[in-house]
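These protein sequence lines are chains C and D, in that order. Residues in the first sequence are numbered consecutively from 1318, following the numbering used here. Residues in the second sequence are numbered consecutively from 4, following the numbering used here. We treat Cβ as the ideally placed atom computed from N, Cα and C, and that holds for glycine. Here's the structure we're looking at; comments come further down.
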Amino acid sequence: MTSRAARATVLAAIIICAVLALQAQSPRAAAPYAAVTADGRRAVAASTVGDQEFLRLDDLTAILKVSVREDRAGHALTLTRGGTTVVLSLDQGLASIGGRLISLSSPPVRDGSRWLVAPDVVARALSLAAGTRLDVRRTSRLVVVGDVRVPRVTIRQDAAGSSTRVSVDLVPRTTYTVTQEARRLVVKFDADGLDATATGGSQGLVESVTTIEPATLLIHLAPGFASFRSATVPLDATSSRLVIDLMPAGGGTQPPPSPFAPKPAEPPPTRPAADMSALVASQTPALRTIVIDPGHGGDEIGTRGAAGTLEKDVTLDVARRLKASLEGRLGIRVLLTRDEDRLVPLDERASMANNNKADLFISLHANASLRPDIRGAEVFYLSLDGFGDAARTLAESPKGTPVPALGGGSRDIELIAWDMAQARHLAESAVFAGLIEEELRRRVEMSARAIQQAPFRVLASANMPAVLVEMAFLSHAQQDTLLGGDEFKNRIAQGLYDAIVRYRVRLETPPSKRRP
Amino acid sequence: MAITSRFVALTLVAAVSTGVGTWVAVRYVVRPQPPRPSAASAAAQAGSAETRRIKAALYYIAADGLRLQAAQRDVAYADGTPDQAKRILEALLGPPPPGMLSAIPPGTALRGVYLAEGGAAYVDFTAALQTNHPGGSLSEILTVYAIVSSVTANLPAVTAVQILIDGHEADTLAGHVDLRRPLPPSAPWTEKGPS
C-alpha cells in the first residue's frame, strides 16, 4: 500500500516537473543587447529560457561573418569562419574545437527557425570560431567585439552642503573631455562605448545623468548651478576616478572633501570614514552579507611564530573582532567560514560565500618568510595565471550551473565555470584591495609589496569581489609578538572595517545593478 | 543517445589525431634537440657526453626576501626535454649559491618529470615538499615559482608547470597557491639576476 502510494506520489511529482520544465523552456523575448564593434553598434535579440538569458545566434554570426550549419546527423551546429570550425553539441553544453572539448552552461536552444545561445557560448565558443574576443556584459547589455574600448563606468552623486560631487569610476582608465553646454555638462570619453551603471537620479545640483552613444555622458544641471571643476585621481593600476564638483552661485565654493585625494606624504586625518558612515545610513544598503574566512584551522595550523603564535588562531581572533564591529556598527550580516578551530577545505570556504550570496569575501592570513627581517601587511587579489590552460581542460571539471543557495532559490554562476567564478569580479576585487591597502597603511606597517596578485585557490571560485589579507609576518620576531596581542589585531580589524565602509559607499549609487 | 555518442566519437577522433601529431612533434622535433640557448642563456659546454654541462638559470629567494632571483649555475646535460628538466630540478633541490636561500623545503626529492602536449610539464616531488613547508603565502608563492621558473626559463619547449606530490595532483602546498593546473611563470615574482 505504502509503496503504491509512494509510487503515485513520485509519478505526480514527475508530471508536475515535466509541465513546469516545458513552461520554463519556451523562450520569452528579453531586452536586446547591442554588439559594439569597431564599425559601430548592431542590435542582438535576446530571450529568456527558464532562468537563463540567451542571445540570438544569427544576429551575432551575421556581424562576425561566421557561417552556421546544422549537422542533423551529428545533432550539432557547425560554426565556421575561414579555416576554423567549432562544433556545438545540441544535446549537451559542449563545444569541440580541434579535438578539444569546452564545457558550456547549456546547448543551443531552438526558437522557431532560429537558434539561441547562452552568453558563455558566445564568449567561449563563438569567439573561437570568429577568431576574436567576445565579452558579454549583462548589466549594460553589450556584446563587446574584439579590442574596441568599452570602459566600465560607474557613476555616483553625493550632495554635500550646497555643492554636489559626481564621481565617475573608469575601468580601465580612459581619457575624456568635460564641457558645459547650456544646462548640461558633456563628458566625452575616448572610447567606442560605455558599460555604464547608475545613470539617472536627481540629487543636489544634478537633475539627472544620461548617456548617449557611443561614449558620452550628459550631466543635466539643476537650477542654482554656477560652476564646476573636474579632476582625475588614480584608483589603482588600471582604474581611475573622474571627480566633478558642481558649485552653486554665491558661497559654496568649497567642494566636499575628497575621499580619494592623491595621498600626501603624511597620512591624512581619518575623516572620510566618519563622513561616509553618515552618508551610508541614509541610503539603501548595497552591501548586505560579508563572508570572512579565517585562514587554516584544525590540523592545518598554517604558519607558526617563534613565540608559538599559530596562524590559525590569529586569523580566527581577528575575524571575530571584525565580525563584531561590522554587525554592531553597520548592521551587515557577517558569516565566518569557521568559528572554531577546525579544518575547512578551501573549496568549501568559497562555496559558503557563494551559497550565502555574499557581497564580499575576505580571507585572513598571517605570513612567513625564510628571511627573518621581512615584515608588513600585504593585500592580495586573484591572478589568472594558468587559467588559460584551465579553459582548455574545462571538459574535465563540472560545468557552471545555478548553485543551490541555503534557504531555497539558487544563485546563478552561469557565465563562468565554478573554479573560475572570480574572473569576472577581478576589477572590483582590485578596487577593494586598494581600499584595504589604504586603510591598513594608516594603522600598521605595510610590506614593500603591499598589493599583489597571486593564483590563490580560496579566491578562484568566489563569485563576488574577494581579497586575501596577510596581516603580518609571524616569521618576524617583533610582528610575532604584535600578532599575539590585542592592540595590533584591533588595528587590523579597524582598518578592514573602514575599507568595507568605503567600499559600501562605492556600491551605494547603483544598488540594483551592482549585484552580480 | 546514439547521436550524442557520435558527437563524442567525432571529438575523440579529432583528439586522437591531435595527440598523434603532438607525439610526433615531441618524438621527432623536440627530443633530438639539446637544450637550446634560451633567454636564460643556457648553453651546452664542450666535453664528453657524461661530463657535458649546461649553464641554466635557477631561481632562489632574492636578498630582499620578497621575490626570486636567477643564478646561473652548471647543470648536467641530458638528452631531451624531460630529462633535462629533471637535471635542472635536481640542481635546484641542491644547496643554493652563497648569499641566496633555497625556496624548496629541505628533504624534498624529485620523483619524475613528464611532458604533456601544449608545453605543460608535470613535475612530481616527494611529500616533503608539502610536509616540510614552513607555510605562509609568500614562502609558498616563492617555492612554487622557483620550480616553475627554473624549468620554463631554461627549456623553451615548456611554457607551464604543474606540481605533483607523490604522483598525485595537489590542491596546494601550504593552503594558498592553486596547483590544480599548470602554472606559467609569473614576472612579478621573479627578477633576472646578473648573468
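For C/S1778, no Cβ of chain D is located within less than 7 Å of the residue's own Cβ. Taken atom to atom, the span from the alpha-carbon of D/E143 to that of C/L1757 is near 23 Å. At a cut-off of 7 Å between beta carbons, C/D1658 makes no contact with chain D. The residue among D/Y125, D/E93 and D/S105 with its C-alpha nearest the C-alpha of D/V78 is D/E93. A residue is called buried when at least 16 other Cβ atoms come within 10 angstroms of its Cβ; C/S1423 meets this threshold and is buried. A Cβ-Cβ separation of about 20 Å leaves C/V1761 out of contact with C/R1688 under the 8 Å criterion. Between C/A1810 and C/R1638, the gap from beta carbon to beta carbon is short of 7 Å. With distances taken between CA atoms, D/H171 lies nearest to D/G115 out of D/A149, D/S105 and D/G115. Excluding sequence positions up to five before and after C/H1742, its CB lies within less than 8 Å of the CB of A1779, N1780, M1781, P1782, A1783 and P1833, all in the same chain and listed in chain order. Here D/Y117 is exposed, its C-beta having fewer than 16 other C-beta atoms within 10 Å. When Cβ-Cβ separations below 7 Å define contact, D/I150 makes no contact with chain C. Beyond the five residues adjoining it in sequence on each side, C/V1631 comes within less than 6 Å, by CB distance, of A1683 and L1800 in the same chain, given in chain order. Contact between C/L1538 and C/L1502 holds: their C-beta atoms lie close to 7 Å from each other, under 8 Å.
Looking from the CA of C/F1790, the closest CA among C/L1701, C/E1695, C/N1673 and C/L1824 belongs to C/E1695. Three or more Cβ pairs drawn from the stretch 1366–1383 of chain C and the stretch 1412–1431 of chain C lie within less than 8 Å of each other, which places the two stretches in contact. Residue-level contact check: D/S140 touches chain C, since one or more beta carbons of chain C fall below 7 Å from its beta carbon. Counted as a single uninterrupted DSSP element, the stretch harbouring C/P1349 is not any alpha helix (DSSP H) but the beta strand (DSSP E) occupying residues R1345 to T1354. If you look at C/M1788, you'll find it in the beta strand (DSSP E) that goes A1783 to F1790.
C/I1649 counts as buried, since at least 16 other C-beta atoms from the protein chains shown sit within 10 angstroms of its C-beta. Residue environment for C/K1382: exposed (fewer than 16 other C-beta atoms within 10 angstroms of its C-beta).
By the neighbour-count criterion, in which 16 or more other beta carbons inside 10 Å mark a residue as buried, C/V1461 falls on the buried side. Taking C-beta separations shorter than 7 Å and ignoring five residues to either side along the sequence, the partners of C/R1666 in its chain run D1610, T1654 and V1775, following chain order. Per DSSP, the beta bridge partners of C/I1768 are C/V1696. Here DSSP, grouped into helix, strand and coil, assigns D/A65 to coil. Across the structure, C/E1617 and C/E1787 are spaced so that their CA atoms are roughly 17 Å apart. Sequence-distant partners of D/V161 (beyond 5 residues in either direction) whose C-beta falls short of 8 Å from its own C-beta, in its chain, are T84, A88, L118, G122, A123, A124, V154 and T155.
Burial check for C/D1464: the Cβ neighbour count within 10 Å stays below 16, so the residue is exposed.
Pairing C/D1562 with C/R1482 gives a Cβ-Cβ distance under 7 Å. Taking CB atoms only, D/P108 has no neighbour in chain C less than 7 Å away.
The criterion of a C-beta distance shorter than 7 Å is satisfied by D/V147 and D/V180. At least one CB of chain D lies nearer than 7 Å to the CB of C/P1772.
Taken atom to atom, the span from the alpha-carbon of C/I1817 to that of C/E1745 is near 13 Å.
Each of C/V1467, C/M1737, C/L1681 and C/G1645 was checked against the Cα of C/V1635, and the nearest Cα belongs to C/L1681. Counting only residues of its own chain and dropping the five nearest sequence neighbours on each side, C/S1642 has a CB closer than 7 Å to the CB of A1810 and Y1814. The C-beta of D/T175 comes closer than 7 Å to at least one C-beta of chain C. Within the same chain, and ignoring the five residues on either side of C/A1352 in sequence, the residues whose Cβ sits closer than 6 Å to its Cβ are R1359, V1361, I1380, V1460 and V1462.
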